[in-house]
């Protein structure tokens with residue numbers, strides 16, 4: 088039996104575990120799933136004979152090393168900051184490793200050692216990053232192989248709620264780590280290049296500088312990802328005049344989210360005294376001027392110039408933000424953690440709710456003096472609260488990559504992301520068997536999206 092160690096059994100691991108268990112008899116696999124709590128892992132294993140769940144504290148060096156020593160390959164589904172200790176152990180004990188996270192500087196620093204030992208350290212092999220890299224590189228390589236010059240690349244991706252489960256005014260529910268949603272866009276200006284002009288959007292303006300796009304005749308909006316520029320060299324597009332990556336939401340979400348940004352509720356840099364005893368109403372009042380006579384509602388509407396009949400106001404009321412009885416209940420919480428707690432009350436998927444992944448790439452290129460544009464789109468609908476579209480599109484590429492590394496079908500060593508044909512061709516092909524397939528079409532070359540309001 089080949090031993091696969093999966094560390095972390097959170098929201099995105101359900102499809103990964105199911106995929107590997109479905110293959111376990113045929114491929115002679117045994118899964119060990121380690122997490123701080125075994126509850127979710129046991130539920131996903133469902134007494135399967137080829138898997139076991141164990142309690143694992145990733146900070147317990149002895150236990151971690153013991154498990155990694157026994158494994159043939161290690162999959163880390165932990166938050167990104169925990170990968171590095173696992174990765175160092177994989178170097179020490181000569182084990183391949185797979186993660187869905189962005190490559191950190193610490194991970195990159197292990198590249199030479201991984202190559203020297205012939206180890207594949209595959210990162211960014213989930214959805215975004217992951218499927219976006221693979222699907223983009225497949226088309227970019229095809230365009231370039233015909234002798235064309237790339238002029239434009241725009242890429243958008245979002246995890247949102249499916250239309251049949253869209254039951255709130257925000258048209259949004261959490262389909263992955265809520266903390267990442269609350270902190271999205273922080274840590275520096277969004278950077279991209281548009282028609283040869285560099286553009287920078289500070290966090291304070293990010294959610295008011297959106298653009299619109301259509302996927303399968305449905306209209307969406309997108310806000311800019313933090314650093315689109317670094318992908319020019321990653322994709323071999325150093326001289327491209329337009330490079331933009333954005334996050335998809337339903338129309339109207341960003342304008343409403345901007346309220347939290349302007350108030351300071353998404354700040355994660357300081358803690359609030361006695362946060363555990365505060366009501367939702369107290370939390371809102373933290374960010375408003377003192378007034379002995381005006382209500383919290385009046386102060387907020389006045390400060391943000393929101394009319395009482397504005398949909399923005401209805402969205403805030405729907406979250407029960409002004410409830411004086413509901414307590415935050417988290418000690419020494421940051422504003423971002425307090426906001427997350429409030430949003431989880433309203434935006435958690437119900438058991439039979441379905442989520443939706445939407446991705447779209449635009450490729451502009453020139454060949455024989457003529458300009459062309461390709462639009463490539465993907466829509467995936469989840470099954471329920473456990474087997475979400477998010478879990479499917481993150482977990483399946485991770486599982487497929489791990490199995491192909493284990494079987495020696497992906498063998499180029501080093502710390503990498505999935506941008507080579509050796510990696511993307513077989514994985515994209517297998518993903519099609521699971522209903523993850525892009526629809527491509529030629530569209531008129533525009534050079535830019537005429538719906539941009541990015542300035």
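Residue numbers (the numbering used here): 88 to 542.
Beta carbons: idealized from backbone N, C-alpha and C, even for Gly.
No experiment lies behind these values; they were computed from the predicted model shown.
Beta bridge counterpart(s) of residue i as assigned by DSSP
i: residue 244; result: 334, 446
i: residue 285; result: 280
i: residue 101; result: Note: residue 101 sits in no beta bridge, so no partner.
i: residue 183; result: 160
i: residue 298; result: 309
i: residue 501; result: 207
i: residue 459; result: 452
i: residue 213; result: 217
i: residue 527; result: 463
i: residue 138; result: 118
i: residue 94; result: 121, 163
i: residue 144; result: None; residue 144 has no bridge partner.
Option nearest residue i by Cα separation, candidates the options
i: residue 335; options: 301, 351, 345, 350; result: 301
i: residue 96; options: 494, 510, 149, 162; result: 162
i: residue 342; options: 393, 370, 374; result: 393
i: residue 355; options: 269, 255, 519; result: 269
i: residue 143; options: 133, 154, 135; result: 154
i: residue 433; options: 259, 338, 534; result: 259
i: residue 266; options: 296, 422, 533; result: 422
i: residue 437; options: 411, 472, 306, 389; result: 472
i: residue 207; options: 513, 225, 369, 184; result: 184
i: residue 274; options: 405, 290, 133, 494; result: 290
i: residue 256; options: 403, 361, 446; result: 403
i: residue 386; options: 465, 350, 447; result: 350
i: residue 391; options: 361, 347, 415; result: 347
i: residue 106; options: 518, 141, 419; result: 518
i: residue 521; options: 498, 286, 470, 337; result: 470
i: residue 114; options: 137, 249, 129, 508; result: 137
i: residue 359; options: 425, 466, 286, 397; result: 425
i: residue 345; options: 292, 378, 308; result: 292
i: residue 203; options: 429, 178, 322, 295; result: 178
i: residue 309; options: 317, 418, 303, 297; result: 297
i: residue 189; options: 170, 311, 147; result: 170
i: residue 248; options: 492, 488, 467; result: 467
i: residue 493; options: 101, 110, 100; result: 110
i: residue 263; options: 246, 312, 364; result: 246
i: residue 413; options: 419, 429, 401, 405; result: 429
i: residue 209; options: 514, 532, 534; result: 514
i: residue 327; options: 281, 219, 205; result: 281
Assumed close pair residue i, residue j - CB separation to whole angstroms, cut-off 8 Å
i: residue 271; j: residue 288; result: The pair is not a contact, with the Cβ atoms about 13 Å apart (cut-off 8 Å).
i: residue 120; j: residue 160; result: With 8 Å as the limit, residue 120 and residue 160 do not qualify as a contact, their Cβ atoms being about 14 Å apart.
i: residue 374; j: residue 352; result: 7 Å
i: residue 357; j: residue 407; result: Not a contact, Cβ separation roughly 25 Å.
i: residue 103; j: residue 485; result: 5 Å
i: residue 279; j: residue 330; result: 6 Å
i: residue 224; j: residue 506; result: 5 Å
i: residue 117; j: residue 156; result: Incorrect: roughly 15 Å between the Cβ atoms, too far for contact.
i: residue 543; j: residue 384; result: Outside the shown range of the chain, which is 88 to 542, sits residue 543, and nothing can be said about it.
i: residue 315; j: residue 332; result: 4 Å
i: residue 294; j: residue 338; result: Residue 294 to residue 338, Cβ: 13 Å. No contact.
i: residue 286; j: residue 362; result: Not confirmed; about 37 Å, so no contact.
With 16 other Cβ atoms within 10 Å as the buried cut-off, status of residue i
i: residue 131; result: buried
i: residue 427; result: buried
i: residue 541; result: Low per-residue confidence applies at residue 541: pLDDT is 39, beneath 50, and the placement is therefore not dependable enough to give any value.
i: residue 284; result: exposed
i: residue 490; result: buried
i: residue 98; result: buried
i: residue 543; result: In the structure as shown, the chain begins at 88 and stops at 542. Residue 543 is therefore absent and cannot be evaluated.
i: residue 123; result: exposed
i: residue 537; result: The pLDDT assigned to residue 537 is 47, lower than 50, so where the model puts this residue is not dependable, and the model offers no usable value.
i: residue 482; result: buried
i: residue 145; result: buried
i: residue 389; result: exposed
i: residue 199; result: exposed
i: residue 168; result: exposed
i: residue 127; result: buried
i: residue 416; result: exposed
i: residue 322; result: buried
i: residue 324; result: buried
i: residue 533; result: exposed
i: residue 72; result: Here the chain covers residues 88 to 542 and nothing more, so residue 72 does not appear.
Test: residue i CB closer than 8 Å to a CB of chain C
i: residue 255; result: Although the question refers to chain C, the structure presented lacks it and comprises just one protein chain.
Using 8 Å as the threshold, is the region 445-456 in touch with the region 235-246, meaning 3 or more CB pairs across them? yes
Cβ contact (3+ pairs, closer than 8 Å) linking the region 476-490 and the region 437-452: yes
Spell out a yes or no on whether the region 238-251 and the region 214-221 are touching, meaning 3 or more CB-CB pairs, one atom from each, closer than 8 Å. yes
Contact the region 458-465 vs the region 526-534: 3+ CB pairs below 8 Å: Judged by Cβ distances under 8 Å, the region 458-465 makes contact with the region 526-534, as three or more pairs qualify.
Contact between the region 495-507 and the region 193-201: three or more CB pairs below 8 Å? yes
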